[in-house]
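In order, the protein sequence lines correspond to chains A and B.
This note's numbering puts the first residue of the first sequence at 6, with every later residue one more than the last.
This note's numbering puts the first residue of the second sequence at 6, with every later residue one more than the last.
Beta carbons: idealized from backbone N, C-alpha and C, even for Gly.
Shown next, in structure tokens, is the structure this report addresses.
Protein chains: 2
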Amino acid sequence: MFKKFKIPDATIGRLSLYSRYLKEADEKGINTVSSQHIARATGVTPAQVRKDLAYFGEFGTRGVGYNSRELYNYIMKILGLGRRWPVAIVGAGNLGKALSQYKGFYERGFDITCIFDTDPNKIGKKLAGIEICPLDSLKEKAKAFNIELGIIAVPAAAAQDVADKLIEAGIRGIINFAPVNINTGENVMLRRVDLAAQLEYLTYYLEDTR
Amino acid sequence: MFKKFKIPDATIGRLSLYSRYLKEADEKGINTVSSQHIARATGVTPAQVRKDLAYFGEFGTRGVGYNSRELYNYIMKILGLGRRWPVAIVGAGNLGKALSQYKGFYERGFDITCIFDTDPNKIGKKLAGIEICPLDSLKEKAKAFNIELGIIAVPAAAAQDVADKLIEAGIRGIINFAPVNINTGENVMLRRVDLAAQLEYLTYYLEDTR
Chain A
6 MFKKFKIPDA
16 TIGRLSLYSR
26 YLKEADEKGI
36 NTVSSQHIAR
46 ATGVTPAQVR
56 KDLAYFGEFG
66 TRGVGYNSRE
76 LYNYIMKILG
86 LGRRWPVAIV
96 GAGNLGKALS
106 QYKGFYERGF
116 DITCIFDTDP
126 NKIGKKLAGI
136 EICPLDSLKE
146 KAKAFNIELG
156 IIAVPAAAAQ
166 DVADKLIEAG
176 IRGIINFAPV
186 NINTGENVML
196 RRVDLAAQLE
206 YLTYYLEDTR
Chain B
6 MFKKFKIPDA
16 TIGRLSLYSR
26 YLKEADEKGI
36 NTVSSQHIAR
46 ATGVTPAQVR
56 KDLAYFGEFG
66 TRGVGYNSRE
76 LYNYIMKILG
86 LGRRWPVAIV
96 GAGNLGKALS
106 QYKGFYERGF
116 DITCIFDTDP
126 NKIGKKLAGI
136 EICPLDSLKE
146 KAKAFNIELG
156 IIAVPAAAAQ
166 DVADKLIEAG
176 IRGIINFAPV
186 NINTGENVML
196 RRVDLAAQLE
206 YLTYYLEDTR
């Protein structure tokens, strides 16, 4: 299903960085930037900037640079951010609460449209202005709001069941914050993010070296 | 400085998953588990479980399995989690607030000890019971509380400066949540986590396929 030309994951991540810098430059009235400018602002080498952009075509004018706003718009389009994306969070616990309040999603074009939970004490209440809805209403809401992205913020034991429900509701991309690997089949894009495990990568290396 | 035998990053991530399952099993009174049990609960193959554990020695009894509590304790030690780690968060904004409230850190042995900011309107207030301290006091607090891990939750433009201050304060492991690459030198372990970019990896692939 995902026939897109295979670009390295790291390139996608850097395009995200570049676009944030370009937006800032454009807002400051800097109309033209060089690969050196982009590189310095994002912590990569100018050659890497040029290589990453070359995957997608020819940009800029040799000896002049790139038009900030044009390149920004183009990268946003590459990233699929030429429009806003409604997002569902499942799990109105501690993490779901934190994620629903995170403005960084909104700034990049993601609207947390619904938060779902099974706890009757939570359903009907609001988190960051967004109503907590019963998990049973997932399919109906996903259809009504055109939601294609879902965030799993439930305990490990419930994560696969939630993933199955998201897929049944037509969700096509999932971020799993639960500390367990889940199976979503080949028609759904999946990424796992484990916040505590990020610290554990550090302590694994640091423990020995004191 | 990091002389530890080079184990794949993915193995470290899976050890984290295994240990969470083993804790649960032990708490449920399940004394002995097989690689099949661990595999099923964490979404990997039994062969992968055995391979990951084999990096660190011989565990378990052939035909019997592993003692849940023993293997849990051993993996926690491998991950550097045989003790609790004090952690500093820099940035008392939306994200710092969210992270300071995230219980998943505490459960794995991480104590958010201090939150630092430069905004005089925030300093002195409390987030999730933790006082917001002036960034100027970072070095002093890091020493007082033995803090070796830092989380950067400031805007991109301030991230490198904060990283420099963390390193100067003796911090040895840093997680950077700011959408910019930073330089920490070779004596500090660094990981970058970009929450919005995780969604962008999905939209990059999904945009084309509708």
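Nearest candidate by alpha-carbon position, reference residue i, set the options
{"i": "residue 136 (chain A)", "options": "A:149, A:144, A:122 and A:145", "result": "A:122"}
{"i": "residue 186 (chain A)", "options": "B:106, B:197 and B:48", "result": "B:48"}
{"i": "residue 138 (chain A)", "options": "A:189, A:97 and A:170", "result": "A:97"}
{"i": "residue 80 (chain A)", "options": "A:164, A:158, A:207 and A:24", "result": "A:24"}
{"i": "residue 15 (chain A)", "options": "A:72, A:58, A:109 and A:126", "result": "A:58"}
{"i": "residue 199 (chain A)", "options": "A:120, A:159, A:43 and A:64", "result": "A:159"}
{"i": "residue 184 (chain B)", "options": "B:157, B:63 and B:75", "result": "B:157"}
{"i": "residue 142 (chain A)", "options": "A:177, A:170, A:126 and A:134", "result": "A:170"}
{"i": "residue 207 (chain A)", "options": "B:177, B:207 and B:188", "result": "B:177"}
C-alpha gap between residue i and residue j, whole angstroms
{"i": "residue 118 (chain A)", "j": "residue 202 (chain B)", "result": "18 Å"}
{"i": "residue 6 (chain A)", "j": "residue 193 (chain A)", "result": "Note that residue 6 (chain A) scores 42 on pLDDT, short of 50, meaning its location in the model is unreliable and no value can be drawn from it."}
{"i": "residue 38 (chain B)", "j": "residue 56 (chain B)", "result": "16 Å"}
{"i": "residue 54 (chain A)", "j": "residue 31 (chain B)", "result": "50 Å"}
{"i": "residue 103 (chain A)", "j": "residue 105 (chain B)", "result": "9 Å"}
{"i": "residue 124 (chain A)", "j": "residue 107 (chain B)", "result": "19 Å"}
{"i": "residue 12 (chain A)", "j": "residue 60 (chain A)", "result": "8 Å"}
{"i": "residue 140 (chain B)", "j": "residue 131 (chain B)", "result": "15 Å"}
{"i": "residue 82 (chain B)", "j": "residue 87 (chain A)", "result": "46 Å"}
{"i": "residue 77 (chain B)", "j": "residue 166 (chain A)", "result": "26 Å"}
{"i": "residue 34 (chain B)", "j": "residue 66 (chain B)", "result": "19 Å"}
{"i": "residue 26 (chain B)", "j": "residue 46 (chain B)", "result": "7 Å"}
{"i": "residue 93 (chain A)", "j": "residue 164 (chain A)", "result": "14 Å"}
{"i": "residue 154 (chain A)", "j": "residue 179 (chain A)", "result": "6 Å"}
{"i": "residue 8 (chain B)", "j": "residue 190 (chain B)", "result": "Because residue 8 (chain B) carries a pLDDT of 45, less than 50, the predicted location of this residue cannot be relied on, and the following value inherits that uncertainty. Distance between the alpha carbons of residue 8 (chain B) and residue 190 (chain B): 16 Å."}
{"i": "residue 69 (chain B)", "j": "residue 19 (chain B)", "result": "22 Å"}
{"i": "residue 172 (chain B)", "j": "residue 95 (chain B)", "result": "13 Å"}
{"i": "residue 128 (chain B)", "j": "residue 161 (chain B)", "result": "21 Å"}
{"i": "residue 110 (chain A)", "j": "residue 99 (chain B)", "result": "11 Å"}
{"i": "residue 41 (chain B)", "j": "residue 52 (chain B)", "result": "9 Å"}
{"i": "residue 73 (chain B)", "j": "residue 120 (chain B)", "result": "36 Å"}
{"i": "residue 101 (chain B)", "j": "residue 62 (chain B)", "result": "39 Å"}
{"i": "residue 222 (chain A)", "j": "residue 168 (chain B)", "result": "Here chain A comprises residues numbered 6 to 215, so residue 222 (chain A) is not present and cannot be evaluated."}
{"i": "residue 188 (chain A)", "j": "residue 126 (chain A)", "result": "30 Å"}
Start and end residues, beta strand (DSSP E) containing residue i
{"i": "residue 181 (chain A)", "result": "178 to 181"}
{"i": "residue 121 (chain B)", "result": "115 to 122"}
{"i": "residue 93 (chain A)", "result": "90 to 95"}
{"i": "residue 63 (chain A)", "result": "Careful: residue 63 (chain A) lies outside any beta strand (DSSP E) and carries neither H nor E."}
Delimiting residues of the alpha helix (DSSP H) encompassing residue i
{"i": "residue 51 (chain B)", "result": "51 to 59"}
{"i": "residue 171 (chain A)", "result": "161 to 173"}
{"i": "residue 74 (chain B)", "result": "73 to 83"}
{"i": "residue 191 (chain B)", "result": "Looking at the DSSP string, residue 191 (chain B) is not in any alpha helix (DSSP H), and its letter there is neither H nor E."}
{"i": "residue 109 (chain B)", "result": "108 to 112"}
{"i": "residue 155 (chain A)", "result": "Counting along the chain, residue 155 (chain A) falls outside any alpha helix (DSSP H), though it belongs to the beta strand (DSSP E) covering 154 to 157."}
{"i": "residue 43 (chain A)", "result": "40 to 47"}
{"i": "residue 145 (chain A)", "result": "143 to 150"}
{"i": "residue 136 (chain B)", "result": "No alpha helix (DSSP H) contains residue 136 (chain B), which is instead part of the beta strand (DSSP E) from 135 to 139."}
{"i": "residue 207 (chain A)", "result": "200 to 211"}
{"i": "residue 102 (chain A)", "result": "99 to 105"}
{"i": "residue 28 (chain A)", "result": "14 to 32"}
8 Å contact criterion, which residue i and residue j should meet: CB distance rounded
{"i": "residue 21 (chain B)", "j": "residue 212 (chain A)", "result": "About 14 Å; that fails the 8 Å criterion."}
{"i": "residue 5 (chain A)", "j": "residue 209 (chain B)", "result": "With chain A covering only 6 through 215, there is no way to say anything about residue 5 (chain A)."}
7 Å CB neighbourhood of residue i in its chain, flanking five on each side removed
{"i": "residue 91 (chain B)", "result": "116, 118, 150, 151 and 152"}
{"i": "residue 43 (chain B)", "result": "23, 26 and 54"}
{"i": "residue 89 (chain B)", "result": "114 and 116"}
{"i": "residue 133 (chain B)", "result": "105 and 106"}
{"i": "residue 50 (chain A)", "result": "44"}
Close-in-space but distant-in-sequence residues of the same chain around residue i (CB under 6 Å, 5 per side omitted)
{"i": "residue 175 (chain B)", "result": "147"}
{"i": "residue 197 (chain A)", "result": "181"}
{"i": "residue 144 (chain B)", "result": "174"}
{"i": "residue 71 (chain B)", "result": "38, 64 and 65"}
Contact set for residue i: own chain, Cβ-Cβ below 8 Å, skip 5 residues either direction
{"i": "residue 17 (chain A)", "result": "84"}
{"i": "residue 112 (chain B)", "result": "none"}
{"i": "residue 36 (chain B)", "result": "72, 73 and 74"}
Contact test: residue i Cβ vs the ligand ZN heavy atom, cutoff 7 Å
{"i": "residue 208 (chain A)", "result": "Here there are no bound small molecules, and the ligand ZN is not part of this structure."}
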